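Okay, structure first, notes after.
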Amino acid sequence: MGFFSKQNEDLGEQWRKKYLNLFDEQNKIEHAHHEKEKLLRQFIIQLSIIGEGQNKHLDPILQRVRNHVKNELEPITLKTELKNFNESIKNLPLKKKNLKADLLFDFLFRQYTDSAQQTALRELQKLVNNEDTTIEQASELFIEILKITEPEPEVQPSGESDEIVEPVVHIDVNVVSQQLLEYFSALAIPAVFEPQALLLKETLLNPNQSKQPFEDVLRDLVQLLLKIKEYGEAEQQDIDQFLLHIANQLAELNIIVTETNAAANSSVKSRNKLDQAVFTQIRELQVEAIKTTSLDLLKENVNQCFKTIVSEIKTHHQQDKERQQQFQDHMAELVNKMISLEVETENLKVELKVIHTQATQDTLTGLPNRNAYNQRVKDEIARYKRYGTPLTMTIWDIDYFKKINDTFGHKSGDKVLALTANQLQQSTRDTDFIARFGGEEFVMLLPNTDVTLARILVEDLRQLVASTGFNANGKAVPITVSCGLTQFLADDTEDSFFERADKALYEAKNTGRNRCCVS
307 MGFFSKQNED LGEQWRKKYL NLFDEQNKIE HAHHEKEKLL RQFIIQLSII
357 GEGQNKHLDP ILQRVRNHVK NELEPITLKT ELKNFNESIK NLPLKKKNLK
407 ADLLFDFLFR QYTDSAQQTA LRELQKLVNN EDTTIEQASE LFIEILKITE
457 PEPEVQPSGE SDEIVEPVVH IDVNVVSQQL LEYFSALAIP AVFEPQALLL
507 KETLLNPNQS KQPFEDVLRD LVQLLLKIKE YGEAEQQDID QFLLHIANQL
557 AELNIIVTET NAAANSSVKS RNKLDQAVFT QIRELQVEAI KTTSLDLLKE
607 NVNQCFKTIV SEIKTHHQQD KERQQQFQDH MAELVNKMIS LEVETENLKV
657 ELKVIHTQAT QDTLTGLPNR NAYNQRVKDE IARYKRYGTP LTMTIWDIDY
707 FKKINDTFGH KSGDKVLALT ANQLQQSTRD TDFIARFGGE EFVMLLPNTD
757 VTLARILVED LRQLVASTGF NANGKAVPIT VSCGLTQFLA DDTEDSFFER
807 ADKALYEAKN TGRNRCCVS
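Start counting the sequence shown at 307; every next residue gets the next number (our numbering).
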């Protein structure tokens with residue numbers, strides 16, 4: 307009866323506790339695996355939702371991947387979908403980039419009013435906007451436009467005259483320039499092209515005084531528009547490449563999640579296999595205990611059973627350790643991918659913030675630009691309509707600005723703009739808003755201020771600017787400004803509000819400059 311001694315009972319109790327401890331540890335690992343798997347599934351579902359709508363060819367695949375993650379299907383099925391996802395990214399159809407010439411056609415429709423020319427221009431515009439168009443280069447487009455607007459001269463029949471009669475076209479340069487200035491004001495010009503755009507605007511303000519032929523001015527304008535178009539396309543390509551990179555990152559994350567899920571499932575299956583093996587060994591031992599008639603044989607069977615169980619537990623522990631290390635490696639890789647994605651996202655936020663600043667800020671003066679004014683005037687009018695508080699607008703214009711550029715150079719002109727902007731900005735109230743509207747014009751909004759009080763404020767500003775001069779090449783450069791101001795009325799719109807202030811500015815210009823007039 308030595309087998310059933312107190313020492314053997316203690317040994318059996320130790321083995322039982324050790325097995326139970328290992329079992330509890332395995333349960334904890336399994337629970338941790340399930341929690342991490344759940345978080346990974348949620349993360350990949352959210353990423354797939356964010357990715358939808360970027361490309362119609364990828365949306366169905368993203369939907370299927372999300373469904374697979376939700377339904378916890380077999381890793382092989384999910385891995386197949388991820389391979390399809392990667393192949394779809396590589397084989398995305400390239401979009402054909404059509405020429406964007408709506409602004410040009412709008413100008414042509416206004417300039418050429420002949421019914422036949424208008425019809426031909428409309429047909430050409432449809433052809434350009436068609437994705438299957440054969441017109442892909444700007445040069446081809448301008449050739450087609452010339453065929454419509456400047457047809458080949460007709461040769462007189464023989465016997466009458468051999469001379470080619472060219473049609474006489476009378477173009478009002480001032481009207482064309484004014485229309486082009488309106489287009490310029492509506493066009494978002496990147497900061498890199500602003501100096502060139504400013505020179506063209508100054509020329510279009512006084513086209514008859516320019517030493518450059520008007521045809522050359524138009525040619526420079528077309529070249530600038532083409533450069534802006536190419537610049538925008540390059541930025542769009544950068545965005546497309548970034549989105550493709552994000553899609554690839556998403557695919558890699560999906561693969562890591564799949565492999566991690568497979569490792570977790572393998573661990574669960576291994577544990578179940580171990581449980582089944584232990585249960586089988588104990589069951590067999592129980593059967594042997596019932597059948598055996600020899601205590602020595604029973605003792606031998608029990609020892610053999612314990613050896614087998616210990617061996618299987620060691621094997622399982624080693625395999626689980628390897629799977630745990632693999633899981634940790636996957637998690638580390640996933641964390642690194644997520645950190646990389648987060649860094650790229652932050653960089654994109656910074657770039658977008660810079661782009662937004664460039665879109666709403668004038669680079670020369672540091673003031674808000676026309677885009678910022680367009681939004682602010684809407685807000686101030688809405689506040690007027692809500693609370694009924696007075697609102698006054700002032701439009702400023704630097705006197706003899708073109709003469710300053712011609713006499714002292716464009717660097718001096720830039721300095722005049724910067725000094726004027728600084729004086730106007732530093733001397734206004736915190737609640738006031740001032741922006742560079744374009745060229746040498748500035749626009750100011752004075753909320754909660756009627757035109758009487760506004761007149762006092764702008765007169766002080768006008769005198770302050772007039773006292774601000776500087777020397778260029780030993781010569782004094784005087785700076786004066788004219789302004790027009792008006793108060794918002796109940797039946798006003800944005801346009802009528804601005805036009806009335808602009809009318810007052812012209813009155814100040816026509817009555818001697820360096821003064822403010824009220825409309």
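Ideal placement from N, C-alpha and C gives every residue a C-beta, glycine not left out. Here the structure is a predicted model, which is why all the values come from computation and not from measurement.
For residue i, three-class secondary structure by DSSP
i, result
"L791", "strand"
"G745", "coil"
"L778", "According to the sequence as given, residue 778 is Ala; it is not Leu. Three-state DSSP puts A778 in a strand."
"I785", "coil"
"P457", "coil"
"P496", "coil"
"D703", "strand"
"L670", "coil"
"T698", "strand"
"P501", "helix"
"P753", "strand"
"E466", "The pLDDT assigned to E466 is 48, lower than 50, so where the model puts this residue is not dependable, and the model offers no usable value."
"V824", "strand"
Residue from the options with nearest C-alpha to residue i
i, options, result
"T755", "L447, V749, Q793", "Q793"
"L524", "A540, L486, K533, S646", "L486"
"L723", "L504, N609, I645", "L504"
"F578", "K323, N333, V824", "Checking the sequence, you will find Asn at residue 578 rather than Phe. Nearest option by C-alpha distance: N333."
"K691", "D797, I645, G715, E765", "D797"
"F415", "E765, V482, P457", "V482"
"V498", "S516, N480, K517, G538", "G538"
"I710", "T758, K432, E536, V783", "V783"
"L527", "L506, N514, D581", "L506"
"K717", "N777, R682, L368", "N777"
"L770", "R821, Y418, D365", "R821"
"Q502", "F520, Q529, D478, P519", "Q529"
"K686", "I449, L795, K324, S825", "First, the residue type needs correcting, since residue 686 is Glu and not Lys in the sequence shown. Closest option to E686, Cα to Cα, is L795."
"K627", "R322, E331, Q555, L410", "E331"
"A338", "K324, V764, N571", "N571"
"I740", "H622, W702, T695", "W702"
"P693", "P753, L640, Q543", "The question names Pro, but residue 693 is Tyr in the sequence shown. Here the closest residue by C-alpha is P753."
Pairwise C-alpha distance: residue j and residue i
i, j, result
"I335", "A638", "17 angstroms"
"V574", "V616", "19 angstroms"
"F748", "E800", "16 angstroms"
"R676", "F803", "16 angstroms"
"G715", "L511", "18 angstroms"
"S733", "V787", "15 angstroms"
"T614", "L647", "49 angstroms"
"Q624", "K655", "46 angstroms"
"K781", "G775", "11 angstroms"
"A814", "A772", "15 angstroms"
"A727", "A678", "16 angstroms"
"G744", "E508", "10 angstroms"
"I846", "A568", "Past the boundaries of the shown model lies residue 846; the chain is included only from 307 to 825, so the question cannot be answered."
"Q667", "Q630", "55 angstroms"
"Q651", "D365", "For the sequence presented, residue 651 should be read as Thr rather than Gln. Their Cα atoms are separated by approximately 22 angstroms."
"T386", "R370", "11 angstroms"
"L430", "T455", "12 angstroms"
"K721", "P496", "21 angstroms"
"V434", "A422", "18 angstroms"
"Q515", "D522", "14 angstroms"
"D861", "Q681", "A question about residue 861 goes unanswered here, because the residues of the chain that appear run from 307 up to 825."
"V479", "I552", "51 angstroms"
"R819", "Q484", "22 angstroms"
"N609", "Q320", "15 angstroms"
"I451", "D712", "35 angstroms"
"C611", "K605", "10 angstroms"
"F520", "N390", "58 angstroms"
Residue i classed as buried or exposed, judged by whether at least 16 other C-beta atoms fall within 10 angstroms
i, result
"D602", "exposed"
"I588", "exposed"
"T737", "exposed"
"I645", "exposed"
"R742", "buried"
"A688", "exposed"
"A540", "exposed"
"S464", "Annotation note: pLDDT 49 at S464 (below 50); position unreliable, coordinate value reported separately. With fewer than 16 Cβ atoms within 10 Å of its Cβ, S464 is classed as exposed."
| field | Validate contact between the segment 776–791 and the segment 807–820 using beta carbons, cut 8 angstroms, 3 pairs | value | yes
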